[in-house]
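Numbering (this note's numbering), first residue to last: 216 to 667. Using N, Cα and C, we set each Cβ at its ideal position, and we do this for glycine too.
#1: Which residues mark the beginning and the end of the alpha helix (DSSP H) in which residue 596 is found?
#2: Which term fits residue 305, buried or exposed, when burial requires 16 or more other beta carbons within 10 angstroms of its beta carbon?
#3: Assuming residue 332 is part of the alpha helix (DSSP H), what are its boundary residues?
#4: Taking residue 420 and residue 438 to be in contact with their CB atoms under 8 Å, please state how far apart those CB atoms are, rounded to whole angstroms.
#5: Counting along the chain, where does the alpha helix (DSSP H) carrying residue 553 start and finish?
#6: So, does the segment 330-342 touch the segment 308-321, judging by three or more C-beta pairs under 8 Å?
#7: Scan the segment 429-489 and note each continuous alpha helix (DSSP H) run of 4 residues or more that stays entirely inside, going in chain order.
#8: Helix, strand or coil, according to DSSP, for residue 621 in the structure here?
#9: If I measure Cβ to Cβ from residue 616 and keep anything under 8 Å in the same chain, skipping five residues before and after, which residues do I get?
#10: Grab me the residues of residue 409's own chain with a C-beta within less than 6 Å of its C-beta, minus the 5 sequence neighbours each way, in chain order.
#11: So what does residue 563 bridge to, in DSSP terms?
#12: Please tell me whether residue 512 and residue 531 are closer than 8 Å, where the distance is taken between their beta carbons.
#13: In this structure, how does DSSP classify residue 522 when only helix, strand and coil are distinguished?
#14: For residue 516, count neighbouring C-beta atoms within 10 Å of its own C-beta (all shown protein chains included) and say buried if the count is 16 or more, exposed if not.
#15: Cβ of residue 620 less than 8 Å from any chain C Cβ?
#16: Comparing C-alpha positions only, which one of 382, 367, 366 sits nearest to residue 373?
#17: Give the single residue among 520, 635, 612 whose Cα lies nearest to the Cα of residue 625.
#18: Measuring straight from C-alpha to C-alpha, what distance separates residue 599 and residue 411?
#19: Count the other CB atoms, across all protein chains shown, that sit within 10 Å of the CB of residue 303; report buried if there are 16 or more and exposed otherwise.
#20: Mind reading off the beta-carbon distance from residue 456 to residue 475? Whole number of angstroms is fine, and I expect it under 8 Å.
#21: DSSP has residue 647 in a bridge; who is on the other side?
#22: If you follow the alpha helix (DSSP H) that residue 420 is in, where does it begin and where does it stop?
#23: On the three-state DSSP scale, how would you describe residue 357?
#24: Kindly list the residues whose CB is nearer than 6 Å to the CB of residue 658, restricted to its own chain and excluding five residues on each side of it in sequence; keep chain order.
#25: Using only alpha-carbon positions, find the residue among 641, 352, 631 that is nearest to residue 340.
#26: Measure the beta-carbon distance from residue 481 to residue 494 and round it to whole angstroms, keeping in mind my assumption that it falls under 8 Å.
#27: Given a cut-off of 8 Å on the beta-carbon distance, is the pair residue 390 and residue 379 in contact?
#28: Relative to the alpha-carbon of residue 357, which residue among 298, 575, 496, 330 has its alpha-carbon at the smallest distance?
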């Protein structure tokens, strides 16, 4: 946005050379404009160089009749002369801050008629200035000149710090904020500041919940137009970013960047606790929840929580009964399919990782070790359960009496007290119990077996 002085000089640039010189001369000696607070107190005197004060009401509104339009005219304040009466009128209008030309559509006012005409093209959609190279049209000639620098490669505005050049002065000013650290656009709600006004506006939509950009296909809405454009690639199957090594294509550039790490083997994101590395920052964040114990995704039905949202969605199918994956050969859903079989004992499993954990029993391998007591386990879940002994963590709670337990099996045994369930039978006395271990020591022969 141009300042008032820049606008005035822009007005002068539209005059004839002689009048332009006169107007620039008048603007160069223009007084300091009072602040908004001073303006509220009423019209203030304008002070010109040399200590000359002029009250606003003394600036002429009407000019004396002229013999001809081209007869020279002089400003009564500074005696600056103008070649045309219309130029003197414009000069006085600038001094008084008048905006006599008003838009019929939005009521915005302007100092000169040419600015009003340019503005009205926004409402009419008129774009009279066309690029000879790409036929793109513009509402202002200045915008066309700026655009033509793209084709010519001209970048006349250069950064004094890093020598980077730009085709627009506004882009240079925005760039210089990187070096100065200036963030002039501040959010009123959270005080977060931004370098660019467009970034502030996009941020403010998070607070307001405004999502003005809507997809024509699926009606999904977005807070930023760039996100809408990225989303629309899903519908038209546009994948503009492709890997030069394997020719795989991606919708977003950041997805390609992450994919390239697979080829390079680079894993730049490290866990501070266990030093495990990842190729995606999002994967690191999920991993860190293992150490922090954070489970932000909670089931509304049973309150079970999960590290990642995808696991929650899979879990919720238990409650809804949803089975979205169907076999093309056998239309019906096949229950209890166990395709992974142990070569030693022929036990079958639904998942391959369950088979691997089972095979540790045969090999005697116990790869999961407790850092405190060095006890080792063949499954990671068993290690986690064991570690509750050291931490005194009891995450499993009885719904009836609120007593807590570290093991799920202990909770189930305890709940039989409330339900009076006695599923365990003693082979010695044929009595049933909720917990057989506490009963067996009552038989002396069994006590020796237990001790052995």
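Short version:
#1: As a position in the chain shown, residue 596 is number 381, starting the count at 1. Per DSSP, residue 596 belongs to the alpha helix (DSSP H) from 595-606.
#2: In the chain shown, residue 305 corresponds to position 90, counting from 1. So residue 305 ends up on the buried side.
#3: Locating residue 332 in the chain shown gives position 117, where the first residue counts as 1. Segment 328-339, the alpha helix (DSSP H) holding residue 332.
#4: In the chain shown, the residue the question calls residue 420 occupies position 205. In the chain shown, the residue the question calls residue 438 occupies position 223. The pair is a contact, with the Cβ atoms about 4 Å apart (cut-off 8 Å).
#5: The residue given as residue 553 occupies position 338 in the chain shown. Element bounds for residue 553: n/a, residue is neither H nor E.
#6: yes
#7: 440-451, 468-479
#8: As a working mapping, residue 621 is identified with position 406 in the chain shown. In this structure, residue 621 counts as coil in the three-state DSSP scheme.
#9: As a working mapping, residue 616 is identified with position 401 in the chain shown. So the qualifying residues of the chain are 633.
#10: For the purposes of this step, residue 409 is taken as the residue at position 194 of the chain shown. Closer than 6 Å at Cβ, skipping near neighbours: 398, 400, 415.
#11: If you number the chain shown from 1, residue 563 lands on position 348. According to DSSP, which records beta bridges pairwise, residue 563 is partnered with 556.
#12: In the chain shown, counting from the first residue as 1, residue 512 sits at position 297. In the chain shown, counting from the first residue as 1, residue 531 sits at position 316. Going by C-beta atoms, residue 512 is not nearer than 8 Å to residue 531.
#13: What you label residue 522 is simply residue 307 of the chain shown in a count that begins at 1. If DSSP states are grouped into helix, strand and coil, residue 522 belongs with coil.
#14: By 1-based counting over the chain shown, the position of residue 516 is 301. Result: exposed.
#15: Protein chain content of the structure displayed is limited to a single chain, and chain C is not contained in it.
#16: Stepping through the chain shown from its first residue, residue 373 is reached at position 158. Answer by Cα proximity: 382.
#17: As a first step, residue 625 must be located in the chain shown, where it is residue number 410. Residue 625 has its Cα closest to that of 612, out of 520, 635, 612.
#18: For the purposes of this step, residue 599 is identified with residue 384 of the chain shown, where counting begins at 1. For the purposes of this step, residue 411 is identified with residue 196 of the chain shown, where counting begins at 1. If you take the alpha carbons of residue 599 and residue 411, they lie about 48 Å apart.
#19: On the chain shown, residue 303 is found 88 positions in, with the first residue counted as 1. The residue in question, residue 303, is buried, as its Cβ has 16 or more Cβ neighbours within 10 Å.
#20: Counting from 1 along the chain shown, the entry for residue 456 is found at position 241. Counting from 1 along the chain shown, the entry for residue 475 is found at position 260. Actually they do not touch by this definition, with Cβ atoms about 10 Å apart.
#21: Numbered from its first residue, the chain shown carries residue 647 at position 432. According to DSSP, which records beta bridges pairwise, residue 647 is partnered with 640.
#22: As a working mapping, residue 420 is identified with position 205 in the chain shown. Here the alpha helix (DSSP H) through residue 420 covers 412-423.
#23: Walking along the chain shown from the start, residue 357 turns up at place 142. If DSSP states are grouped into helix, strand and coil, residue 357 belongs with the helices.
#24: Position 443 of the chain shown, counted from the first residue, corresponds to residue 658. These residues qualify, in order along the chain: 643.
#25: Numbered from 1 along the chain shown, position 125 holds the residue referred to as residue 340. It is 352 whose Cα lies nearest to the Cα of residue 340.
#26: For the purposes of this step, residue 481 is taken as the residue at position 266 of the chain shown. For the purposes of this step, residue 494 is taken as the residue at position 279 of the chain shown. The Cβ separation is near 7 Å, so the contact holds.
#27: Numbered from 1 along the chain shown, position 175 holds the residue referred to as residue 390. Numbered from 1 along the chain shown, position 164 holds the residue referred to as residue 379. Cβ atoms of residue 390 and residue 379: closer than 8 Å.
#28: Translated into the one-based positions of the chain shown, residue 357 becomes position 142. Per the Cα distances, 330.
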